[in-house]
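Residue numbers (this note's numbering): 27 to 416. Think of the CB as a built atom: it goes at the ideal place given N, C-alpha and C, for glycine as much as any other residue.
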């Protein structure tokens, strides 16, 4: 029997950007809109995707910080590495949400409850965050279970058939457009169970073929397998008979030892998300640093990154007895994708071009996409189009 788990870290981006122990409401913004908000701000009516000015009107005491995507990626990678210790397959949905292969975990851990506790403890250790887990036979039921579990317990295991479990939940939980949800409410269909009882042909005729996926979810029949695979970590280990005290010889030795790994990555067409450098010092202490790679890794790039990491190792007066270099987050390399918002200058040129186009053409002809709800399950619900003012 297939078992899928959904891991959900509420307000992941906001908690990542919050300084340790810092109290008060927090808004994380990007491009003038709320990307994420802490629980306190959401409790005061703040919504993800709304303009920052409107959010501050609802929550005037909130502290506003711009998103640091590199930092969020680094913490999320740490979470994924922690999950890889307890599941053979992991599928990333978005920051703060992932699906795990939970098949057979009851036998390995004694029970699914024991497995959930082990996963949550691993995430807590890796990222200092409290995760919630839902386990069910389908991914949508697992997602609802994770969202609806008691915060104190932190996990919910669906023992009954998914359709029966989902039946009493509000229909708003389904991945449906707002207009479809409005029409369902007008028809008196307010629960997932009520929607599931509709014949599939009636759903397609009344709400369009796109609603059939939500209908399958409501019936616990979204049986798509997880697309994630085991997260492989490559390691390069060096032990020194005589502790190495020079940073340059240490760098040269690590580069030489890494050539086989770099060749393997290149032959397999794999990129690397993060490298971690661990050292055992002559005096018995340990030292660790990590750096974000985010794609293709060649010798020159590795040399630059290792030199930067090793620069923090000097000044302790002792030698290095051994080092371990880990290559984590291996994934197929993709082509270069241009980011129009990577630099302020490029963004300024883009805005000016859009403005001139809006002046040249009739109103409403030039639009831009903005994030409306990054946590929406349907891609069309995550973004909205807005007119460019001339």
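In the displayed model, residue 183 falls within a strand according to three-state DSSP.
Residue pairing by DSSP places residue 162 opposite 30 in a beta bridge.
Annotated three-state conformation of residue 197 is helix, per DSSP. With a beta-carbon spacing of about 7 angstroms, residue 325 and residue 281 fall inside the 8 angstroms limit used to define contacts. A Cβ-Cβ separation of about 18 angstroms leaves residue 302 out of contact with residue 347 under the 8 angstroms criterion.
For residue 205, there is no enclosing beta strand (DSSP E); the residue is part of the alpha helix (DSSP H) that begins and ends at 204-212. Less than 9 angstroms divides the Cβ of residue 306 from the Cβ of residue 349. Taking 9 angstroms as the cut-off, the beta carbon of residue 316 is found no closer than this to the beta carbon of residue 178. In this structure, 153 is the residue among 137, 221, 64 and 153 with its C-alpha nearest to the C-alpha of residue 97. When the alpha-carbon of residue 206 is set against those of 380, 233, 266 and 176, the nearest one is in 233. Going by beta carbons, residue 218 and residue 237 fall outside the 9 angstroms limit. Remark: C-beta atoms of residue 115 and residue 126 approach each other more closely than 9 angstroms. Take the alpha-carbon of residue 191 and the one of residue 296: they are about 41 angstroms apart. Contact between the segment 183-190 and the segment 161-170 is present: three or more C-beta pairs spanning the two stretches fall below 8 angstroms.
Classified as buried, residue 188 has 16 or more neighbouring CB atoms from the shown chains inside 10 Å of its CB. Listed as beta-bridge partners of residue 252 by DSSP are no residues whatsoever. Boundaries of the beta strand (DSSP E) around residue 313: 312-321. Looking from the CA of residue 396, the closest CA among 42, 28, 74 and 70 belongs to 74. Beta-bridge pairing by DSSP links residue 85 to no other residue.
Per DSSP, residue 350 is one residue of the beta strand (DSSP E) stretching across 346-354. A direct Cα-Cα distance of roughly 27 angstroms separates residue 32 from residue 76. Just measuring C-alpha positions, the residue of 246, 390 and 134 sitting nearest residue 168 is 246.
Residue 155 sits close to residue 38, with the two beta carbons spaced by under 9 angstroms. Nearest in C-alpha terms to residue 128, of all of 63, 251, 59 and 95, is 251.
The distance from the Cβ of residue 269 to that of residue 321 is about 34 angstroms, inconsistent with a contact at the 8 angstroms cut-off. The C-alpha of residue 36 lies about 7 angstroms from the C-alpha of residue 157. In this structure, residue 172 places its C-beta atom within 9 angstroms of the C-beta atom of residue 159. Membership of residue 217 in any beta strand (DSSP E) is not indicated, and neither H nor E is assigned to it by DSSP.
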